[in-house]
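What follows is a set of notes on a single structure, which appears directly below.
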Amino acid sequence: MSDALRGEDARCCTSGKMKMRQGKIINRGLEDEMEVWGYQLCLWKIVLVGVGAVCSGGLLLLLLYWLPEWGVKGTCTPTSLKEAHTLLLRTTVGTQWRQKDLFISACPALSGCSGTECLCISQRFGGFEGELCQHPLRPQLRTGQNTAGLQVPLWFIVFLPRAHIKVVNPFKLLRALFFGENEIAVRVPSLFKLLIKEVLNPFYIFQFFSVILWSAEDYYYYASAIVFMSVISIATSLYTIKKQYVMLRDMVAAHSVLRVSVCRGNQEMEQAMSTELVPGDVIAIPANGMVMPCDAVLLQGTCIVNESMLTGESVPVTKTSLPSAGEEGAQSYDKEEHKRHTLFCGTLVIQTRFYSGELVKAVVVRTGFSTEKGQLVRSILHPKPTDFKLYRDAYLFLLCLVGVAAIGFIYTIALSIMSKVPAQTIIIESLDIITITVPPALPAAMTVGIVYAQRRLKRVGIFCISPQRINMCGQLNLVCFDKTGTLTEDGLDLWGVHRAFDVTGENLVNSTFVACMASCHSLTKIEGELSGDPLDLKMFNATGWIIGSIIKAFPFYFQTGEIGIVRQFPFSSALQRMSVVVRKLGEKHMDAYLKGAPEVIASLCKQHTVPQSFSETLESYTRQGFRVIALAHRQLESKLSWHRIQTLSRDVIETNMEFLGLIIMQNKIKEETAGVLYQLRQANIRTLMVTGDNMLTAISVARDCGMVQTHERVIIVDAVPPRDFQPASITWRYTENPRDVIDQEPSFHFAVSGKAFAVITEHFPQLLQKLLLRAAVFARMTPDQKTQLVEVMQGIDYIVGMCGDGANDCGALKRAHSGISLSELEASVASPFTSTTPNISCVPTLIREGRAALITSFCVFKFMALYSIIQYISVTLLYWVSTNLGDFQFLFIDMAIILIIAFTMSLNPAWEELVWRRPPSSLISGPLLCSVLTQIIACLGFQVLAFLLVQQQSWYEIWTPHACNAFSSNFSHVDNTTSPKNIKNYENTSLFYVSSFQYLAVAVIFSKGKPFRQPSYKNWPFLLSCVALYAFLFAIMLHPVPAIDNFLEVNLEALLSLCTCASVRCCVHSCGSASSQIVCVPHDWRVTLAIIIAANAAVSFLLEV
């Protein structure tokens, strides 16, 4: 196994001094790339942590559980990986820290190996368990990588069947121990484990702390309500997680375990369970197909495979045997480069083709969670963290709230000490201010908008497997489009053919040209129906030939003759061509047919067979937007046998060809394409075309669909790598007149080929950014170059979307911030989003919903922040007069107002059209901070105004728990029990009403509609909730109801002992009977409160406008 760990410098602090330590990078360049450090347990550190845990009541253990980095460094000392017993891992994407323990396994005794065969074997090896994947470490250096599978030359893989008895069997036990069992086992955690993990979430720990604190303050009803809601939330979460685990397990287990035929030597076959397979085993693929239990590379034969589970591509693909000769045979196996020879786990083999009774064989290269299907399951169970600025800013904002809470904490302690409050009360009240400042319902409130947006997308046929990316869609400022099948129709119409040389007297139907069209494709017959690439179908149907039954190695094609395919080299996006070796019935020699990109095919042909007008002819067709495919032919030597053909590399066959001519295909633009691109352009969203097609064809399509305007000129960028002692160079030319020299052009776009992109990236990196800022068309791009382009665009601060429909777009779809796959499948794994609508009209819809969800997140965050600050202001003012809000007042505010408003204000649908400007992406921005701060100042001002103004009233008297009860004794029916918290007083009642209306005011103000969401008056649940709450609050404030006032504790128990007879009669007249304990506040003050509330709402509205 190759060494996958390389040293990188990492700094760590030991013994109070900074020392340089060597870190290791594991799985470099892969999605699960990690940095690793070695540690050993330290006894004195463990003792200190234990003492700290006891002194903190277990809080230190919780802190170390949440922060694995601190946990390792707090209990271990750094050491080398060779001597380590504990590993500290840090993911390079998302910077998540993990702690893993090393395992040590003893290798079994091996017999039959000696000398160089045992160089890589040690009696012991170690490693660690990653995310459902084992990471072994080499014993000498403790370096390694995940158990990805075989990393050997292709000729050695082909050699395995013949050497199976001598080499593989002695290492069978070792490989089984090293790679583990071939099973994608989704183990469903027990409810107890899920419960513990859920309860230890910081959110619920904070809730638990708050409930204890509220209970100590006798807020039993409010604490009970929070406990009830938390239990419901935990139960719902556990049910959802458990259900997802079970569904995923059932989906994976459907075809994960089956019986397979394993080859032991050349002819010997052995039946075994698929779970026993390890890399290096050779299996036989049955003629009627199978669901692949592992990743395996074909050694001999051909397979027709349905890979829709992985790529979303419904068209079956052809897999051919692995080359074993030439330069390609000397390469190491790579799943991306050799995927056209690889049968991936979970895909369905529909048919197999073989020769003379020989079995179709494949060698296992990856098992378990290292397979393509296993990595998919891993990505579902352990999704990559979403690094979005909104979430980072949310944490910073929460830290600001914690700072505000700290100020309130100090204020409460100082005020209580001055008032000579008991120590127990000081502790409880100072901690209570923290629970008020940091809203515990904030995480749930912020995600509800995403949930609603996901439901709306599902209704229009857009399915999402990564909901957090919906917010990212709202920030898209660049969308890359594939051409064929995305901007243009899937099907191509055969417009005509252009033969290189007309042969006098030759019938076109019987010509080599038509024979090439009829045989050079990857079509197959499945249940009597032709299936394959739409382009191949159009081309084959135009010939009038028919496909016959499969005889021995190949299917026969009939028209006036019979042609059988001896070997097929499938289309490669990287090579931009495909070829077949065929034999005509009755002839001794074989022929090779080649088709692909005209420039590539012409370079593989004999120069005298390529017409001199080739370039001009090709340009004339591509300028008109036609898709052009070139054909070539070669007659092979008669001495070449079938077995010899199977061992030749395609480079040997695809050379010295004779150019046959061009096929002209008409690729129509989809009806929706131009309109959608116009919408995106009007919304200030840049669009690019990224295609593997011809440059001039791509430019023509870009003009026709409006991606390039008629008045804009296109400059083709050509680049040549260094050769013959000449440095790399770049040339620039107009598409209209290639001979023009480019000086300066104010309105232009660049068009870049894949070859030029590669040269510029490597040799002119300083020009790459400037070039990409003005480029509109990227042609002849390989799948890897598409992915690289997305990464480069992300590196220059673009939020990139990618829309494609083919398997060659999968890498770019996954890498983009928002990948949109046009697939008929409901849940393609190729990208975060899958649209069942086969055109790009889904792109504006997704962006609109993303913008709506993003604005909803901002609105809810601002509302929840203001809610905590408003309540914080009310409580700090009430602390000044040694009082607080009541139990049922807290309950009413949080349940009847905040909860209902936060969830209904998220229901606003997206705006009907895309507007020019994008929503903000940061919470820490000038306009947003200004909005929040001005609203805080307004709320603070009006609460202070009400607080001071009520104390200036002529009827106001300070209430104390031990006030004289002489007057109240005349009213024997009045309950004289007192509340030690002094809830029922003038300040409490006034601030309760003012703050309640402030919550509603900021909710209405922050619930923005146009231009990203529908107006709030179209959100009926939110509108009705606001109207109902406004009506209720005004009703109980202006016309009190005794039962409601008593419930909300907006009355004064000792008020009757403080009022004169006239004031009592006034209170009884205005509020009902004295026995109902209604606040004895004159009606004039209630009207004054209404005026203050109206003025507050007006000022808040004007500040936001």
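At position 582 of the sequence shown the residue is numbered 585 (my numbering), and the sequence of numbers has no breaks.
The beta carbon of each residue, even a glycine, is placed where N, CA and C say it ideally should be.
In this text, all values refer to a predicted model and were calculated from it rather than measured experimentally.
- Of all alpha-carbon atoms in R502, L994, L931 and I229, the one lying nearest the alpha-carbon of T612 is that of R502.
- The shortest CA-to-CA distance from D284 to any of G304, A290 and V263 is the one to V263.
- Cα atoms of I896 and I420: separation of roughly 29 Å, rounded to the nearest angstrom.
- In this structure, DSSP gives M898 a helical state, which the three-state scheme calls helix.
- Note on geometry: alpha-carbon atoms of T374 and C348 lie some 6 Å from one another.
- CA-CA distance, S277 to T370, rounds to 10 Å.
- A direct Cα-Cα distance of roughly 46 Å separates A778 from R586.
- By the neighbour-count criterion, in which 16 or more other beta carbons inside 10 Å mark a residue as buried, Q938 falls on the buried side.
- Minimum Cα-Cα distance from F572 among the listed residues M232, S522, K591 and P724 corresponds to S522.
- Closest in alpha carbon position to A188, among F206, L241, M250 and N309, is M250.
- Here F662 is not near R851, since their CB atoms are 9 Å or more apart.
- Residues of the same chain with a CB within less than 6 Å of the CB of G814, apart from the 5 flanking positions on each side, are P786 and T790 in chain order.
- Judged by DSSP in its simplified three-state form, W47 adopts helix.
- For T546, the enclosing alpha helix (DSSP H) begins and ends at P537 to T546.
- When Cβ pairs closer than 8 Å are counted between the two stretches, the segment 765–777 is seen to touch the segment 791–807, the count reaching three or more.
- Ranked by how close their Cα comes to the Cα of H341, the residues M272, M295, L578 and E72 have L578 in first place.
- With contacts defined as CB atoms closer than 9 Å, S750 and I719 fail to qualify as a contacting pair.
- The C-alpha of A759 is placed about 8 Å away from the C-alpha of I733.
- Between the C-alpha atoms of S641 and V569 there is a straight-line separation of about 14 Å.
- Annotation: N1049 to I1039 spans about 11 Å, alpha carbon to alpha carbon.
- When C-beta atoms of the segment 456–465 are compared with those of the segment 594–607, fewer than three pairs fall below 8 Å, so the two segments do not count as touching.
- Contact annotation: I802 and H820 have beta-carbon atoms nearer than 9 Å.
- Around the beta carbon of K196, a 10 Å sphere encloses fewer than 16 other beta carbons of the protein chains shown; the residue is thus reported as exposed.
- Secondary structure note for F767: it is in no alpha helix (DSSP H), with a DSSP letter that is neither H nor E.
- Between the segment 209–219 and the segment 282–300 there are fewer than three inter-stretch CB-CB distances shorter than 8 Å, so the stretches are not counted as touching.
- Secondary structure note for R637: its beta strand (DSSP E) is the uninterrupted segment R630 to Q638.
- Within the segment 641–666, the complete alpha helix (DSSP H) segments at least 4 residues long are 645–650 and 653–656, listed from N- to C-terminus.
- Listed in chain order, the alpha helix (DSSP H) runs fully inside the segment 801–853 are 813–818, counting runs of at least 4 residues.
- Spatial neighbours of M295 in its own chain (CB-CB distance under 6 Å, excluding positions within 5 residues in sequence) are listed in chain order as L346, C348 and T350.
- Closest in C-alpha terms to V230, from the list S240, E220, Q210 and L621, comes Q210.
- In summary, V54 is exposed, with fewer than 16 beta-carbon neighbours lying within 10 Å of its beta-carbon over all protein chains present.
- In this structure the segment 895–912 touches the segment 864–871; the number of beta carbon pairs closer than 8 Å is three or more.
- One thing to note: T690 has its Cβ within 9 Å of the Cβ of L680.
- If one requires a minimum length of 4 residues, the alpha helix (DSSP H) runs lying completely within the segment 567–616 are 601–606, in chain order.
- The continuous beta strand (DSSP E) containing A722 extends over residues R716 to V723.
- Taking L198 as reference, the option from L241, K673 and R190 with the minimal CA-CA separation is L241.
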